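Chains as they are written, first to last, in our numbering: chain A, 1 to 387; chain B, 388 to 779. Virtual Cβ for every residue (Gly too), placed ideally from N, Cα, C. Computed from a prediction, not measured in an experiment: that's the story for all the values here. In what follows, a structure is listed as structure tokens, so that the remarks can point back to it.
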């Protein structure tokens with residue numbers, strides 16, 4: 001530590017060069033942070049603390065195909081299942097297709113008992129919601145986004161469900177708002193608009209009595225696989241075979257269908273760090289080459305070969321560490337911007353931590369060749385300018 | 388002046404090999420930027436290309452009003468009867484209108500690379516399929532027969548998913564389907580799909596409404612009258628679109644997203660590469676300060692010196708741009724990938740490194756080169772002659 005002023009001074013020996021190199025490192029780590037948090041979010045779909053014992057049952061062939069409503073009774077009786085609720089994909093938007101709204105018909109009592117404690121809402125508003133046929137309970141963030149107020153009548157367009165009068169535009173009365181209890185999970189339901197399943201089923205002109213998918217809560221998360229198998233066995237060889245899996249696996253399977261996102265992100269980062277290696281490596285080499293007489297003087301003063309090696313390595317470490325710290329801090333600051341682009345995805349700052357490991361690795365790779373050169377330096381030759 | 392500029396530039400470029408390390412930083416840095424930019428944009432271009440090349444101007448798709456995509460839509464048998472009597476539809480050899488009533492659903496087929504199940508579109512098509520879609524060609528095996536569980540697989544799907552070659556058997560919904568052949572259709576979106584007889588598909592999924600109707604018109608010019616007839620018919624509530632417009636709308640979102648990602652990542656990388664270029668050019672100027680001062684002392688102007696530094700930076704950047712574009716083309720052009728399309732089903736497409744993308748990449752490279760060379764060039768031009776000479 002006593003050599004810190006020396007290392008710091010040599011680092012800033014050529015100010016412009018160090019600043020430009022540092023900025024390149026900062027930029028590389030900014031990209032690292034941004035892409036890694038996205039990759040982490042896709043690889044670890046966050047279903048929340050209560051998500052661990054949630055199962056999802058869909059039509060074996062696709063979420064776009066329905067299941068009969070009568071399945072509900074049978075699923076409820078499966079040992080290990082403590083609660084069941086059901087949904088249908090509404091395909092909703094507000095006014096224009098770009099205003100996607102996750103309009104979700106729910107069976108209020110079973111949905112809220114399955115998700116007990118997951119949501120915060122006003123009890124009076126909730127009771128009004130239960131008693132209003134065309135009532136809607138809307139996520140607080142969505143309310144703010146569109147400037148809605150309680151008591152507003154809003155129309156939601158469905159791309160799928162025609163009503164009996166042939167219209168695809170459904171009318172709702174906003175009676176209350178809700179939000180997710182866990183603040184780290186709020187982004188996931190940021191565009192959710194809940195309404196009565198009965199209002200939906202009575203209103204639609206076809207598909208009555210079918211549901212899109214079921215959600216179950218199991219008493220013991222470690223029994224998820226067994227309970228899933230029991231549910232699927234109920235409907236095996238029927239015309240509506242099911243596929244039940246933990247909510248997390250369901251999300252993962254969906255993301256896998258999008259393509260190999262991890263590969264693309266890592267390929268980009270590979271290119272970024274490959275180029276950074278050359279850039280920083282060149283800076284370190286140059287800086288040591290210019291300092292050869294100085295290093296020889298240090299050795300003359302009694303610094304050992306190991307000391308000199310350590311000094312150069314420490315300089316590389318300081319440069320890369322400083323760049324990584326600034327870059328990762330910048331990407332942490334940019335998380336809200338990335339969130340805007342990825343609705344419904346939770347980004348975890350945890351994904352930034354490996355960045356420091358990468359910084360150390362980078363420092364070793366770019367620092368070692370010049371450090372070894374400094375170590376092998378012969379005092380007489382170096383002072384004579386023969387190097 | 389041009390003579391001076393020419394002389395200095397040639398001299399600079401001749402000494403490049405002596406400064407290989409620093410110069411290669413510019414080349415490698417810019418190669419990385421351009422390779423990433425071109426590859427990501429090639430993904431967007433490939434996806435857009437697959438969808439934009441789907442369909443013909445003289446073919447129309449009819450969906451239930453307001454449904455946006457086939458997967459959401461529903462048309463009854465009566466709807467289809469009304470549609471087939473509309474004016475402007477081309478007639479087949481048997482004198483009947485060329486209409487294909489279709490059902491779109493999905494099959495679960497494992498992906499070749501990961502082995503995990505993916506949703507592949509299974510499209511039930513009408514008997515007039517071959518006349519409605521003349522671009523469809525069987526390249527292996529034979530056509531499916533109606534009323535039995537047979538299907539044909541698109542060439543794109545065969546490349547991405549397991550067990551779809553001619554002669555294989557696909558198990559879906561408690562039944563075995565025989566893959567009788569493989570087809571191509573000019574590289575359009577249908578090559579990601581499986582095609583079978585519409586009534587066989589309908590009965591296997593217990594569905595009696597169609598997803599869409601596809602009609603071949605007498606000519607592209609017949610479209611307005613055809614659309615008008617359907618829109619004003621009180622028995623129908625449908626959306627009518629020319630196929631290219633329908634598919635362009637389907638590809639808009641993903642193409643847009645990929646373009647944004649490609650450009651923003653490349654902008655950030657470009658800034659990083661520019662710092663690298665600045666560094667290298669500053670050190671190039673510093674290493675040659677005596678040379679430059681000597682030139683100035685014997686009467687060379689500041690402007691030629693400045694321009695020569697910028698030209699050097701530009702040449703290195705150009706090299707990086709060409710290298711980056713070439714790498715992207717070499718590794719990714721024609722690379723087949725698949726993603727989830729609008730219908731919750733896989734769309735197979737190929738990364739397409741177009742000439743425009745390469746040019747875009749090279750333009751970016753030159754921009755980085757010019758920006759990275761400007762300030763060092765300015766320093767070179769302003770070098771105090773006497774001091775620089777004394778420093779040696």
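- Here the alpha carbons of residue 724(B) and residue 267(A) stand approximately 15 Å from one another.
- According to DSSP, residue pairing for residue 157(A) in a beta bridge involves 93(A), 169(A).
- Rounded to the nearest whole angstrom, the CA to CA distance from residue 382(A) to residue 673(B) is 22 Å.
- Inter-residue distance for residue 643(B) and residue 698(B) is about 35 Å (C-alpha atoms, whole angstroms).
- In this structure, DSSP gives residue 568(B) an extended state, which the three-state scheme calls strand.
- In this structure residue 420(B) is not in contact with residue 688(B), their Cβ atoms being roughly 33 Å apart against a cut-off of 8 Å.
- Take the alpha-carbon of residue 131(A) and the one of residue 198(A): they are about 12 Å apart.
- For residue 535(B), no beta strand (DSSP E) segment is defined, and its DSSP state is neither H nor E.
- Contacts with chain A at 9 Å (Cβ-Cβ) do not include residue 633(B).
- Contact annotation, residue 626(B) with residue 450(B): C-beta distance approximately 5 Å; criterion of less than 8 Å satisfied.
- For residue 451(B), no alpha helix (DSSP H) segment is defined; the enclosing uninterrupted segment is the beta strand (DSSP E) at 446 to 451.
- DSSP places residue 213(A) inside the beta strand (DSSP E), whose first and last residues are 213 to 218.
- For the pair residue 760(B) and residue 370(A), the Cα-to-Cα distance works out to about 27 Å.
- In this structure residue 679(B) is buried. Its beta-carbon is surrounded by 16 or more other beta-carbon atoms within 10 angstroms.
- Counted as a single uninterrupted DSSP element, the beta strand (DSSP E) harbouring residue 84(A) occupies residues 81 to 87.
- Within chain A, the residues whose beta carbon sits less than 8 Å from that of residue 670(B) are 17, 286, listed in sequence order.
- Of all residues in the stretch 657 to 684 of chain B, only 658, 659, 660, 662, 663, 665, 666, 667, 669, 670 place a beta-carbon less than 8 Å from a beta-carbon of chain A.
- For residue 91(A), the nearest CB of chain B lies under 9 Å from its own CB, placing it at the interface with that chain.
- Closest by C-alpha distance to residue 11(A), out of 318(A), 335(A), 355(A), is 318(A).
- Residues of the stretch 249 to 269 of chain A whose Cβ lies closer than 9 Å to any Cβ of chain B, in chain order: 253, 254, 256, 257, 258, 259, 260, 264, 267, 268.
- Among the residues of chain B, none has a CB under 9 Å from the CB of residue 366(A); the nearest is roughly 12 Å distant.
- Three or more beta-carbon pairs drawn from the stretch 24 to 33 of chain A and the stretch 321 to 330 of chain A are found closer than 8 Å, and the two stretches are therefore classed as touching.
- Rounded to the nearest whole angstrom, the C-alpha separation of residue 745(B) and residue 277(A) is 25 Å.
- Residue 121(A): member of the beta strand (DSSP E) spanning 119 to 121, first to last residue.
- Using a CB distance cut-off of 9 Å, residue 61(A) counts as an interface residue toward chain B.
- Residue 749(B) sits close to residue 705(B), with the two beta carbons spaced by under 9 Å.
- Residues of the stretch 27 to 47 of chain A that bring their beta carbon within less than 7 Å of a beta carbon in chain B comprise 27, 28, 30, 31, in sequence order.
- The Cβ-Cβ distance between residue 210(A) and residue 57(A) does not fall below 9 Å.
- Under the DSSP assignment, residue 558(B) falls in the beta strand (DSSP E) whose first and last residues are 556 to 559.
- For the pair of segments examined, the stretch 616 to 634 of chain B was found not to touch the stretch 553 to 566 of chain B: the number of CB pairs separated by less than 8 Å stays below three.
- Put simply, the CB of residue 166(A) is near chain B, with a gap under 9 Å to one of its CB atoms.
- Residue 724(B) has a beta carbon lying within less than 9 Å of a beta carbon in chain A.
- Taking 4 residues as the minimum length, the alpha helix (DSSP H) runs contained wholly in the stretch 211 to 288 of chain A are 224 to 235, 247 to 258, in order along the chain.
- Against chain B, the CB of residue 206(A) has a partner CB under 9 Å away; the residue lies at that interface.
- Here residue 81(A) is near residue 217(A), since their CB atoms are less than 9 Å apart.
- Relative to the Cα of residue 290(A), the nearest Cα in the group 670(B), 682(B), 661(B) belongs to 670(B).
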